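Top line first, the protein sequences correspond to chains X and F. All the letters of the first sequence, read from the start, carry residue numbers 1 to 391 under our numbering. All the letters of the second sequence, read from the start, carry residue numbers 392 to 601 under our numbering.
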Amino acid sequence: MRALAYGMSSPHVASRSPLRPWDVAHASWTLPLVAAGIAASLASGARPLGVEAQRSVAFALGPALLLVTLHARTAAYLHDEGLATTLPLPVPPRRRFAIAWRSHLVGLLWQAVCGAVAFAIAGSDAPARMVLVADWLALVLTCALVEPAGAAASALLGRRVPEDSVAGQLQRAAGGGWTLPEAVVHLWAPAMALATAAAVAMPLQLTIDRWADGRAPGRAHLVACTLALSIAAVLRVAAVPAYCRGMFDAVPWLRQAMRTLAGPPVPSPAPRWLAAIRDPGLRLTILQHQRLTPVPTLRLVALLGTAVILTVRTAAPGIAELGILVGLVALWLVPADALRRHGQAQRRLLSPLPLTDHRARAWACLLAPVVLAALPVAWRVVASRVVGGEA
Amino acid sequence: MSAPLQLRGVTKRYGARVILGGVELDVGDGELVVLRGPNGTGKSTLLGCICGQVVPDDGHIAIDGHDLRADPMGARRGLRALAQEVEVPPGITGREWLAFCADVFGATAPPPDDPQLGEVLDQLATTYSVGLRRRLAFLGLCVGNPRLFVLDEPFAGVDVDGRAAMRTRLAAALSSGAGVIVAAHDHELGELDAMSPRRVDVRSLGRDQS
C-alpha cells in the first residue's frame, strides 16, 4: 500500500478505509435481537410437543431469522451510499467485494450470536440445546458461503442485457413492469440465495440430528454433507468474478431504480393530530420522526401491546419475552438517531427563529411510550419475584 | 495517446423523458470544455454518465481510450470526478482521505498548498465547511496522472483563496495534457475565462424533444 504519505502507517488506513460501508444499518443490530426474542418464544412454546417437533420449529425459524436481516447485512455489496459515491474511483471490484464481505460477516456473526442464544434458551435440556444451536450454526455457515452468490447474481443480472436474451426476458417477466428491468434481480436474488443456503444446510442438520440421537451418520449422509459443502464453496468462489463483472453497471442501475421508483417523492400527509401541538419546533421534530421512521404506528402499537400482554398474562415474563420487549424499545428509539445526527445542523437552521428550545420536550415525547411500556412490565417481574420468594 | 474523453451517441432516458439524445463530444488534450445550460437540461446526467454513476441507454464513452463499460478500471484510472455535492466518508480525517486517494491512484499525496486546509487536515472531514470539503476533494483528485477532470460546479461555496488554489492546479493539469469538462453556471464562468475554455451548451449536444 502506498498510503505512507504524511508518515501514516498502512494498517491505520486499512482499519479506517473510506471504502468501508458508510451507512451503518441500525436494523442489522436491532432486528436480530427482536427476531431472536420472537424465535426463542416460539421455539420454547414447542417444548411440550417433544424434541422432534421443537427441532422442526427451529428448522423453520432459522431461515426466517436470517431473512429478517438479510438486506441489512448484505447492503454493503451493492446498496451502500459510499459505494455509489466512490464509484468513479479506480478501486478494483475485488477489493470492494472483500470489504463488503467483511461487513456481511460482521452482521452474520451478530445474527449467529443472537440466534444461538435464542435456541439455547428454547431447548428443554442441555443436549436439546446443543442440537438446536448446532443446527442453527450449520445454517449460518452455509449462509456465509452462499449469500455472497446472491449479491453476485444481483450484480451480474442487474446490468442492461439484450432484450431478446434469456436474462433480458427474465428481467422483464420477474419485474411485473413496476420497476426497472435492471433492478428486478434485487427483489429475488438475495432471498433465493438464502433459500439455497437453507437447502444446502439440510444434509448437515440431518447428520447432526442423527448423531445427537445416537445413530451414526451413514455413508450417504457423509456424501450428502460433502456435496452440500462443496456446492456452497463453489458458489462462494464463483461469487467473486461474477460480482466483479457486474458491479460497475449494477450499482448505477440500482441507484436509478431507487431514486426514481422507490416510493413517491411526495410523502404521505402529516397526521392530523400533529396540528394539536402548539410549539412549531416540537411539531416539526415530531413530523420528522414520523417521516423518518418506517411504520411508526405499528412500532408504537407493537411496543405498548406487547407490554400490556406481558403485564396481564398469568405467567411472569421470562428472558425471551423481556428480550422481545427490549428489541421493540430499540425499534422505537433507533430511528430517532437520524434526527440526533442531523441535530446540530437543524439547530443552526432554527436558531435565528423565534422558537423556544424544544429538545427536552421532543425527547420526552419519544421516551414516554418506553416508560409506559417498561414500568408495568418491570412491576410484573418484581411482583412475581416477591410472590415467588414468599411462596 | 488517446483523447481524454470521447462520447459517441450517448443517450439517456428516464421513463419516456429523453434527457440526452445521442450526445457526441470530444475533449482533447489540454482542453477545457465548459458545459452550460439551465437547470434540468442534463448537465449532471451527462457528467454522471462520464463518471460511471449513470449508465446510458445507448452510446459509448471512452476515457483516455478505455471504454467505460468494457474496461471500467482502465477508464477510471485516468478519471478524476468532483461531484456537485461533495460527500466525504464518516470517521475519516482530511489527511486520511488524501492518503486514501494516493493509494487508489497509485501515487504520493500532494502536500496541501492551501494553508487553511492544512490547518484542519487532522480533523474529521465531515466537520469541514462545504468549501473546505470541496477543496479537500479536489486536492485528492490531483494525485497521480489524471487524464480527465469531470467537475460539477467546482467553485460553489469555495472562497477566493480556495478558488485561486483550485485554478492553479487546474491550469497545471491542463498544461500537462489532461482534459477538463466542467458544468458551470454563468456566474462561475469568470473563474475559468483565463484558461480559454470551449463553451458548449448542453442543449446543443443532441436532445430528442419527444
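All C-beta atoms in this analysis are idealised placements derived from N, C-alpha and C, irrespective of residue type, glycine included. The structure presented is a predicted model; accordingly, all values stated were derived computationally and were not measured.
- The way I'd put it, the region 239 to 255 of chain X does touch the region 139 to 156 of chain X; three or more beta-carbon pairs between them come closer than 8 Å.
- Think of a sphere of 9 Å around the beta carbon of X/F97: no beta carbon from chain F falls inside it, the nearest being about 14 Å out.
- Under the DSSP definition of a beta bridge, F/V425 partners with F/V573 and F/R590.
- In the same chain as X/A239, and ignoring 5 residues on each side of it, the C-beta atoms closer than 6 Å to its own belong to P148, A149 and A152, in chain order.
- Under the 8 Å criterion on CB atoms, F/Q475 is classed as non-interfacial with respect to chain X.
- Of all residues in the region 519 to 542 of chain F, none has a C-beta nearer than 7 Å to a C-beta of chain X.
- Nearest to X/E321 by C-alpha distance, out of X/V166, X/A336 and X/V377, is X/V377.
- The C-alpha of F/A556 lies about 11 Å from the C-alpha of F/L527.
- In this structure the region 531 to 544 of chain F does not touch the region 514 to 522 of chain F; the number of beta carbon pairs closer than 8 Å is below three.
- No residue range can be given for F/F546, since it is assigned to no beta strand (DSSP E) and is classified by DSSP as neither H nor E.
- Proximity of F/P463 to chain X, defined by a Cβ-Cβ separation below 8 Å, is satisfied.
- X/A195 and X/P335 have their alpha carbons spaced roughly 30 Å apart.
- For X/T356, the secondary structure class from DSSP, reduced to helix, strand or coil, is coil.
- Bounds of the beta strand (DSSP E) holding F/R408 are R408 to V418.
- Annotated as proximal: X/L78 and X/L254, with beta-carbon spacing under 8 Å.
- Neighbourhood of F/I454 in chain X, by CB distance below 7 Å: empty, with the nearest CB roughly 10 Å away.
- Unbroken beta strand (DSSP E) stretches of 3 residues or longer found wholly inside the region 121 to 182 of chain X: none.
- Note that the C-beta distance between X/A197 and X/V251 is not below 8 Å.
- Judged by DSSP in its simplified three-state form, F/T432 adopts coil rather than helix or strand.
- Look at the region 294 to 344 of chain X and you find no whole run of beta strand (DSSP E) that is 3 residues long or longer.
- Within its own chain, the residues whose Cβ lies closer than 6 Å to the Cβ of X/Q290, once the five positions on either side in sequence are excluded, are P296, listed in chain order.
- Chain X has no Cβ within less than 8 Å of the Cβ of F/V571.
- For F/Y405, the enclosing beta strand (DSSP E) has its first and last residue at L396 to Y405.
- Cβ atoms of X/L339 and X/Q288 come within 8 Å of each other, at about 6 Å.
- Listed by position along chain X, the residues whose Cβ is nearer than 8 Å to that of F/L470 are P88 and P90.
- If you compare the alpha carbons of F/G439, F/D504 and F/A569 with that of F/R554, the shortest gap goes to F/D504.
- When the Cα atoms are used, X/R215 and X/A120 turn out to be separated by approximately 23 Å.
- Neighbours of F/G443 in chain X, taken as residues at a C-beta separation under 8 Å, are given in chain order as L87, P88, F248 and P252.
- Counting C-beta pairs with one atom in each stretch, the region 458 to 475 of chain F and the region 398 to 409 of chain F have fewer than three that are closer than 8 Å, which means they do not touch.
- The Cβ of X/A167 sits no closer than 8 Å to any Cβ of chain F.
- X/I319 counts as exposed, since fewer than 16 other beta carbons sit within 10 angstroms of its beta carbon.
- Under the three-state reduction of DSSP output, F/A498 falls in the coil class, being neither helix nor strand.
- Just measuring C-alpha positions, the residue of X/I324, X/V68 and X/G305 sitting nearest X/P369 is X/G305.
- Segment contact: the region 34 to 54 of chain X against the region 63 to 79 of chain X, three or more CB-CB distances shorter than 8 Å; contact assigned.
- In the DSSP assignment, F/R471 falls within the unbroken beta strand (DSSP E) covering L470 to L473.
- Here X/P127 is exposed, its C-beta having fewer than 16 other C-beta atoms within 10 Å.
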